[in-house]
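J.: Have a look at the structure that comes next, please.
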Amino acid sequence: MENWRKHPLVFWAFSLPPSFWLVFFFLVPLTLVWGYSFSEKRGIIGTELTFTLDNYLRALEPIYLEILWKSLGMAAAATAICLVVGYPVAFAIAFASERLKPWLLLLVILPFWINILIRTYALIAVFRTRGYANFAYEDLWNAANWVLNTVGLGQLQLIGERFEPMALLYNNAAVVAGIVYAFFPFMVLPLYANIEKLDRSFMEASLDLGAGHWRTFFSVVFPLTWHGALSGIVIVFIPALGAFFIPELLGGTDSQMIGNVIERQFKSANDWPFGAALSFLLMYATFFALALRALVAGRKGGGALDA
Amino acid sequence: MSDAIISIQGVTKRFGEVTAVERVDLDIRAGEFFALLGPSGCGKTTLLRMLAGFEQPSEGRILIGGQDMTGVQPNHRPVNMVFQSYAVFPHMTVFDNVAYGLKVAHTPRGEIAPRVKEALAMVQLSGYEARKPDQLSGGQRQRVALARALVKRPKVLLLDEPLSALDAKLREAMQIELVRLQQTVGITFVIVTHDQDEALSMADRIAVMESGHVRQVASPQTLYEFPSGRFVADFIGKMNLFEGKVVAREAAGLSVEVEGLGRLELPADERAPAPGRAVGIAVRPEKVELTRSAPPEGSVARRGTVTQVAYYGDVSYVFLDLEDGPALNANVINDERAAEPHFVKGETLWAAWNPRDFLVLGE
Ligand SMILES: Nc1ncnc2c1ncn2[C@@H]1O[C@H](COP(=O)(O)OP(=O)(O)O)[C@@H](O)[C@H]1O
Ligand SMILES: [Mg+2]
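Protein chains in written order, with the UniProt record's numbering: chain A, 1 to 307; chain B, 1 to 363.
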């Protein structure tokens with residue numbers, strides 16, 4: 001479309017629908033919610049724009065700040081797990097044979113075809129007391145118990161008197177696991193894209209110069225694919241921070257995240273201005289993170305990161 | 001051979017259906033400048049990568065410094081490689097690139113800087129320590145790759161098409177410099193190239209490869225003047241090739257009936273093909289003499305018409321159609337300053353040559 005100037009009509013015909021979409025379904029609602037965050041509640045459903053900062057001040061009260069910190073911590077933990085597990089997975093796909101590669105990529109993307117809510121419910125079936133994880137654990141326990149009894153160590157009760165199921169559900173770990181499960185593909189895909197286009201001879205040169213595989217990873221592969229890791233971190237961390245039904249379904253009483261608080265304001269608490277303020281605090285934080293990423297990428301970038 | 005630093009013994013490499021290298025036996029001597037020469041896809045890189053340890057032979061084994069390298073990882077082999085793409089780490093400075101192999105090997109700190117400095121001086125890159133690779137030209141990046149490998153003081157330096165990415169002038173300069181460098185450090189160099197000029201001018205010995213096989217291993221001059229077969233004769237340098245048939249073999253020589261040239265009496269030894277065998281008869285263009293007047297008695301001569309003259313400055317390629325059909329290429333050295341070409345298109349000339357300059361190629 002280099003010569004769109006010559007065909008302004010075509011240009012407008014193509015760009016008008018998306019522009020319309022952006023303005024009316026994205027910018028306008030966003031501005032409305034932004035307006036709410038400076039409004040005061042009137043009656044049951046009414047609000048009035050008074051340019052007050054009370055909502056933001058309330059959002060910074062310790063009780064909410066604590067939840068925010070905790071949300072940041074859980075999102076960070078989930079992102080870190082995604083990164084550590086994502087690298088080997090992305091590596092395995094990038095180095096798989098050409099025949100296998102599309103199938104492995106399909107396996108990563110496949111969960112997207114099932115609604116995230118259903119997938120989260122499926123996790124409950126895995127984690128609950130009488131769930132698949134505990135069934136497997138029970139089988140293992142029984143097998144180990146049988147072995148101990150057979151070799152005559154049964155009365156020592158090294159692994160407990162009877163099988164105790166693990167409490168896997170309704171705690172923070174379950175929430176983190178749920179977030180990892182939901183957003184893992186967002187980490188793998190950019191990592192894969194970066195590793196895939198990394199010139200293999202960099203790795204070979206490192207090995208050739210006497211480095212082992214770990215050294216090669218940390219000194220050569222990671223610095224040259226850090227770009228993909230950064231993209232993965234951002235696009236996992238941001239939705240992880242805003243998660244609300246994952247903590248609601250998998251978390252315990254003290255596992256609520258900032259997303260749950262926001263959701264409550266718009267639903268049961270019916271305090272839209274306060275919910276809007278909380279949402280925008282998250283949004284500002286997100287913008288800050290993105291700006292930081294652009295800054296880091298810009299400073300280190302140019303050659304090294306894009307290579 | 002006791003002085004072989006590399007001994008390739010019956011090595012075959014298959015990639016699925018493709019056989020990239022087939023039953024190669026090759027000894028490379030300590031301290032020599034060795035070239036693997038062949039057309040693209042003949043398996044040179046694969047053979048080199050097996051030396052470096054990036055590929056494992058499907059059959060056979062490789063000894064380096066007398067030690068069997070089967071199962072030895074690249075990072076534990078006493079060889080270093082200069083990659084075709086150079087593979088200079090883009091996120092490290094020139095210094096860090098060169099120091100990398102030393103740091104990895106836990107070389108004492110105090111020793112690293114002087115050795116890096118020495119290696120950079122060797123490739124004439126002193127003062128470039130703080131530069132990043134994207135601030136270097138292609139030729140400079142290659143020097144970094146060289147220094148990075150040499151600083152490890154390997155037993156053998158492997159170079160995969162090291163000059164192919166450089167422009168013609170720089171390439172020629174680097175050819176001379178690589179030879180000088182090799183003589184200075186005394187390390188065995190094994191270079192892969194598809195460029196015969198490069199191999200001929202640089203190497204002590206050359207292995208010519210064709211579709212996975214090594215066809216001949218010899219010094220540049222032997223390869224050029226005494227190629228072992230049609231492929232090598234044709235691949236190295238320019239060659240006039242005629243088809244013929246052996247008529248008689250005697251102590252004095254070989255009598256061959258050559259298409260378009262008639263009966264030729266050629267000197268031959270006892271290894272010459274037997275009567276009745278089809279042979280290739282070849283002569284290099286620079287060994288053909290062109291004259292306007294009839295050549296003296298005793299030389300073999302045929303008349304022909306000039307169809308084209310290609311002028312290269314120092315030399316002109318003259319293409320002739322001989323009276324009996326075949327085309328012939330002769331090189332004329334322009335050793336006297338002249339405003340007009342020596343021979344012109346359409347002219348009828350005598351092409352003469354010494355029977356001893358003919359090659360008889362079996363197979
Ligand atoms: N990793 C590989 N997988 C499959 N085929 C390969 C691989 N490497 C090389 N080949 C094949 O082996 C043959 C020789 O390749 P190569 O050694 O790169 O040739 P050269 O360096 O002489 O051009 C080619 O046919 C090439 O396609
Ligand atoms: Mg090659």
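Built from N, CA and C at the ideal position, the CB exists for glycine as well.
#1: Taking the beta strand (DSSP E) that residue 144 of chain B belongs to, which residues open and close that run?
#2: Taking just the CA atoms, how far does residue 62 of chain B sit from residue 41 of chain B?
#3: For residue 165 of chain B and residue 288 of chain A, I'd like the C-alpha separation in whole angstroms.
#4: Give, in chain order, every residue of the stretch 83–94 of chain B whose Cβ lies closer than 9 Å to some Cβ of chain A.
#5: Using a 10 Å radius around the Cβ and a threshold of 16 neighbouring Cβ atoms, would you call residue 169 of chain B buried or exposed?
#6: Can you check DSSP and say which residues form a bridge with residue 196 of chain A?
#7: Going by DSSP, name the residue or residues bridged to residue 267 of chain A.
#8: Determine, using beta carbons only, whether residue 101 of chain B comes closer than 9 Å to chain A.
#9: Looking at chain A, is there any beta carbon in it that lies within less than 9 Å of the beta carbon of residue 81 of chain B?
#10: Suppose you measure from the CA of residue 167 of chain B to the CA of residue 109 of chain A; what does that come to, to the nearest Å?
#11: Secondary structure at residue 134 of chain B, three-state DSSP: helix, strand or coil?
#12: Can you tell me which residues fall inside 6 Å of ligand 1, judged by beta-carbon distance to its nearest heavy atom, and keep chain order?
#13: Distance, Cα to Cα, residue 273 of chain A vs residue 12 of chain A?
#14: Between residue 255 of chain A and chain B, is any beta-carbon pair separated by less than 9 Å?
#15: Please decide whether residue 74 of chain B counts as near chain A, where near means a Cβ-Cβ distance under 9 Å.
#16: Kindly say whether residue 131 of chain B, judged by its beta-carbon, lies nearer than 9 Å to any beta-carbon of chain A.
#17: Using a C-beta to C-beta distance shorter than 8 Å, which residues of chain A count as neighbours of residue 152 of chain B?
#18: Taking buried to mean at least 16 other C-beta atoms within 10 Å of its own C-beta, is residue 36 of chain B buried or exposed?
#19: My output table needs one value for residue 194 of chain B: the three-state DSSP class, helix, strand or coil.
#20: If distances are taken between C-alpha atoms only, which option among B/341, B/281, B/280, B/303 comes closest to residue 310 of chain B?
#21: Nearest chain B C-beta to residue 271 of chain A closer than 9 Å, yes or no?
#22: Since residue 184 of chain B is in the alpha helix (DSSP H), which residue starts that stretch and which ends it?
#23: May I ask you to report which of helix, strand or coil DSSP gives residue 242 of chain B?
#24: Does the Cβ of residue 169 of chain A have 16 or more other Cβ atoms within 10 Å, making it buried, or fewer, making it exposed?
#25: Which chain B residues sit within Cβ distance under 7 Å of residue 215 of chain A?
#26: Where residue 188 of chain A and residue 59 of chain B are concerned, what is the direct C-alpha to C-alpha distance, given to the nearest angstrom?
#27: Leaving out five residues before and five after residue 35 of chain A in sequence, what residues of the same chain have Cβ atoms less than 7 Å from its Cβ?
#28: Mind reading off the beta-carbon distance from residue 206 of chain A to residue 216 of chain A? Whole number of angstroms is fine, and I expect it under 8 Å.
#29: Pull up the DSSP beta-bridge partners for residue 368 of chain B, would you.
#30: Are any of the Cβ atoms in chain B nearer than 9 Å to that of residue 296 of chain A?
#31: Does any CB atom of chain A fall closer than 9 Å to the CB of residue 109 of chain B?
#32: Going by DSSP, what residue range makes up the alpha helix (DSSP H) through residue 90 of chain A?
#33: Report all residues from its chain with a CB closer than 7 Å to the CB of residue 1 of chain A; omit the five preceding and five following residues, and keep chain order.
#34: Are the beta-carbon atoms of residue 250 of chain A and residue 127 of chain A separated by less than 9 Å?
#35: Quick check: is the beta carbon of residue 148 of chain B nearer than 9 Å to any beta carbon in chain A?
#36: Rounded to whole angstroms, what is the Cα-Cα separation between residue 57 of chain B and residue 11 of chain B?
T.: In terms of the structure at hand:
#1: For residue 144 of chain B, there is no enclosing beta strand (DSSP E); the enclosing alpha helix (DSSP H) covers residues 138–150.
#2: A direct Cα-to-Cα measurement between residue 41 of chain B and residue 62 of chain B gives close to 21 Å.
#3: Each residue's Cα considered, the two are about 44 Å apart.
#4: Cβ contacts with chain A: 83, 84, 85, 86, 87, 88, 89, 90, 91, 92.
#5: Looking at its Cβ environment, which holds fewer than 16 other Cβ atoms inside 10 Å, residue 169 of chain B is exposed.
#6: Its beta-bridge partners do not exist; DSSP assigns none.
#7: Beta-bridge pairing links residue 267 of chain A to no other residue.
#8: Yes, residue 101 of chain B lies at the interface with chain A (some Cβ there is under 9 Å from its Cβ).
#9: Residue-level contact check: residue 81 of chain B touches chain A, since one or more beta carbons of chain A fall below 9 Å from its beta carbon.
#10: Whole-angstrom Cα-Cα distance: 46 Å.
#11: Here residue 134 of chain B sits in helix by DSSP.
#12: That gives B/15, B/18, B/20, B/38, B/40, B/41, B/42, B/43, B/44, B/45, B/46.
#13: Straight-line Cα distance between these residues: approximately 37 Å.
#14: So no, residue 255 of chain A is outside the interface.
#15: It does: the Cβ of residue 74 of chain B has a partner Cβ on chain A nearer than 9 Å.
#16: No, residue 131 of chain B lies away from the interface with chain A (no Cβ there is under 9 Å from its Cβ).
#17: Neighbours of residue 152 of chain B on chain A, chain order: 209, 210.
#18: Per the 10 Å Cβ criterion, buried.
#19: Residue 194 of chain B falls in the coil class under three-state DSSP.
#20: Selected option, being the one with the closest Cα: B/341.
#21: Taking CB atoms only, residue 271 of chain A has no neighbour in chain B less than 9 Å away.
#22: Where residue 184 of chain B is concerned, the enclosing alpha helix (DSSP H) stretches over 168–185.
#23: Residue state, collapsed to three classes: strand.
#24: Taking a 10 Å sphere around the C-beta of residue 169 of chain A, we find 16 or more other C-beta atoms and assign the residue as buried.
#25: The CB of residue 215 of chain A comes closer than 7 Å to the CB of 104 in chain B, given here in chain order.
#26: Cα to Cα, the separation comes out at about 38 Å.
#27: Annotation for residue 35 of chain A: 49 place their beta carbon closer than 7 Å to its own, counting only its chain and skipping 5 residues before and after.
#28: The Cβ separation is near 4 Å, so the contact holds.
#29: Nothing can be reported for residue 368 of chain B, as the shown portion of chain B is limited to 1 through 363.
#30: Contact with chain B is absent for residue 296 of chain A, since none of that chain's Cβ atoms lies less than 9 Å from the residue's Cβ.
#31: Chain A, which has no Cβ nearer than 9 Å to the Cβ of residue 109 of chain B, makes this no.
#32: Note, residue 90 of chain A: alpha helix (DSSP H), 62–95.
#33: With a pLDDT of only 49 at residue 1 of chain A, under 50, the local geometry of the prediction cannot be trusted, and the value read off the model is given with reservation. So no residue of the chain qualifies.
#34: Yes, they are a contact pair.
#35: So yes, residue 148 of chain B belongs to the interface.
#36: If you take the alpha carbons of residue 57 of chain B and residue 11 of chain B, they lie about 6 Å apart.
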